[in-house]
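Protein chains in written order, with my numbering: chain E, 1325 to 1463; chain A, 1325 to 1463; chain G, 1325 to 1463; chain D, 1325 to 1463. Where is the CB? At the ideal position from N, CA and C, for every residue including glycine. The structure presented is a predicted model; accordingly, all values stated were derived computationally and were not measured. Please read the structure below before turning to the comments.
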């Protein structure tokens, strides 16, 4: 069991959650993406001669780290949930991951930036996890 | 000048911002609301015999603090903005402030919780500032 | 490879890091502990009749989540590090994890709070990882 | 009254605080410095031809924003405080503000970076507020 799974399994309100698998995956993806984007912003900042081409990437990395951190925290709470808050934050997280993932994909492909390739994968995974959780909430 | 105004006025990309007044107000409202909601969650937690009635309020305070913090950071960045990220995060912030403001309003009115009255005002102000900024972006 | 390892391995300044194993473990522990403490605060909040006994635990969970989040972000940056900042934040993280771990241990033992047992383990692991990283930096 | 003052004045545990003035000033300084440092990192990122000289400044801005955010949140909590956590986080905040303030001072002086001049002032104010609060706690 991951630590996210252990915490959800021991939570007194766990039985109220109908989509535990999608929720677990999304919390894990948000915390992972927050770390990866923080690290990618800093890796871009350390790229010396390429730095001028990575300004937009750094900015989107920082936004995505902040949005994923907030989303991961909101999702980690099961007590007295409010669906308007959860849904709109999940949509914001999807948008941030999409924008950052697209930018990183470009640098991974055109400039062979390997940290951007790792970051793109985390962003894509988090975007998909948000979409899957949103779908399970609509159902 | 507030510190938010001083930073925006000295930013190299300031001339690209067409709605500076709405942006300034929204950044200030987000950081204020993040502090106020963090404090209201803790004030509720210290309410002794009333605590059981404040569980939903604490949860919404914590969500609103996290969402406002992320929104205030994203808005503080002027370099290479992406409107899909800004707009969806502003909508999430509106939703979090609406839910928290409604809950605090109830406790301010029915239980005379004075910290909830202060928090309600910050949430209403931040919700309105997000709405005004969104309107100015659509224009 | 974990995502933290992948990001560190592709970072342009990776070769400047002499204690990569301790750094990796500490970043992973900080992000884990931030999630676990956020979740434990919310689990405590959902404990109904036991809530009054968990006020101090919730407060320490929230502090520990905030301190671990900040520490995990600072540690994720390899570009132009400043050792006074790193060391003092690691010491603060140790203190927050110690206080939260001690409180959770008590509730795990005396009230059989299973989320506190999981949280205690994350806090102990993070405290030890901070200590190990500090030791490797002094060397 | 500022919003920080209003929240502290209505907090059920306010009477337990002996150094309210120092606490209020420090919370305000932490949230201000978190916003200012987030903004300065982004302003530096938008400086075009000067960007290569501002790498260390951006990194310290980001660290200082994260550390001040965490410190401001921890300080905003009055319920069941733990002095080891407060003190060590205040010391970490002092160190982050000192390092960031020194770096910004250099760019304000040598490169006439006006956002760095504003940021230096916020960092100095926050560093002093942390020192004053620490002194009041030792007393």
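Who are the near neighbours of residue i in its chain, counting only those whose CB is closer than 6 Å to its CB and skipping five residues on each side?
i	result
residue 1356 (chain D)	1446
residue 1396 (chain A)	1351, 1354 and 1355
residue 1335 (chain D)	1402
residue 1346 (chain E)	1456, 1457 and 1460
residue 1437 (chain D)	1431
residue 1386 (chain A)	1365
residue 1428 (chain D)	1440, 1443 and 1444
residue 1368 (chain D)	1378, 1381 and 1382
residue 1325 (chain A)	none
residue 1448 (chain D)	1425
residue 1330 (chain E)	none
Residues of chain E with CB under 9 Å from residue i, in chain order?
i	result
residue 1375 (chain D)	1375, 1376 and 1379
At 8 Å on the CB atoms, spell out the chain D contacts of residue i, in chain order.
i	result
residue 1383 (chain E)	1366 and 1369
residue 1335 (chain A)	1363, 1366, 1367, 1370 and 1439
Output, in chain order, the set of chain G residues within a Cβ distance shorter than 9 Å of residue i.
i	result
residue 1393 (chain E)	1358, 1393 and 1397
residue 1386 (chain D)	1397, 1398 and 1401
What distance in whole Å lies between the Cβ atoms of residue j and residue i, which are believed to be in contact at a cut-off of 8 Å?
i	j	result
residue 1366 (chain E)	residue 1402 (chain G)	6 Å
residue 1361 (chain E)	residue 1424 (chain E)	6 Å
residue 1328 (chain D)	residue 1348 (chain D)	6 Å
residue 1404 (chain E)	residue 1433 (chain A)	In fact, because the Cβ distance is near 19 Å, the residues do not count as touching under 8 Å.
residue 1450 (chain E)	residue 1421 (chain E)	5 Å
residue 1376 (chain G)	residue 1414 (chain A)	About 38 Å separates the two Cβ atoms, so there is no contact after all.
residue 1358 (chain G)	residue 1393 (chain D)	The pair is not a contact, with the Cβ atoms about 13 Å apart (cut-off 8 Å).
residue 1363 (chain D)	residue 1340 (chain A)	Between residue 1340 (chain A) and residue 1363 (chain D) the Cβ distance is about 15 Å, and since that is not below 8 Å, they are no contact.
residue 1468 (chain E)	residue 1373 (chain G)	A query on residue 1468 (chain E) cannot be resolved here, the shown segment of chain E reaching from 1325 to 1463 and no further.
residue 1431 (chain E)	residue 1381 (chain E)	6 Å
Against residue i, what residues of chain A qualify as contacts under a CB-to-CB distance less than 8 Å, listed in chain order?
i	result
residue 1430 (chain D)	Within 8 Å Cβ-Cβ: nothing; residue 1430 (chain D) doesn't reach chain A, min ~16 Å.
residue 1353 (chain E)	None at all; the shortest Cβ gap to chain A is about 16 Å.
Which chain E residues sit within Cβ distance under 8 Å of residue i?
i	result
residue 1446 (chain A)	None at all; the shortest Cβ gap to chain E is about 16 Å.
Name the chain G residues whose beta carbon is nearer than 8 Å to that of residue i?
i	result
residue 1434 (chain D)	In chain order: nothing, as chain G lies at least about 17 Å away.
residue 1442 (chain E)	1327, 1330, 1331 and 1334
residue 1423 (chain D)	1406, 1408 and 1409
Report all residues from its chain with a CB closer than 8 Å to the CB of residue i; omit the five preceding and five following residues, and keep chain order.
i	result
residue 1455 (chain A)	1418
residue 1409 (chain E)	1398
residue 1435 (chain A)	1374 and 1377
residue 1342 (chain A)	1460
residue 1411 (chain D)	1458 and 1461
Can you list, in chain order, the residues of its chain whose CB lies under 7 Å from that of residue i, leaving out five sequence neighbours each side?
i	result
residue 1391 (chain E)	1416, 1417 and 1420
residue 1453 (chain G)	1349, 1350 and 1353
residue 1407 (chain A)	1461
residue 1344 (chain E)	1332
What does residue i touch in chain G if you count any residue whose Cβ is under 7 Å from its own?
i	result
residue 1400 (chain E)	1359, 1362, 1363 and 1366
Run down chain A in chain order and give the residues with a C-beta less than 7 Å from the C-beta of residue i.
i	result
residue 1419 (chain E)	1408, 1409 and 1412
Any beta carbon from chain C within less than 8 Å of residue i's own beta carbon?
i	result
residue 1446 (chain E)	No chain C appears in this structure, whose protein chains are E, A, G and D.
Between the region 1403-1415 of chain G and chain E, which residues of the former have a C-beta closer than 9 Å to a C-beta of the latter? 1403 and 1404
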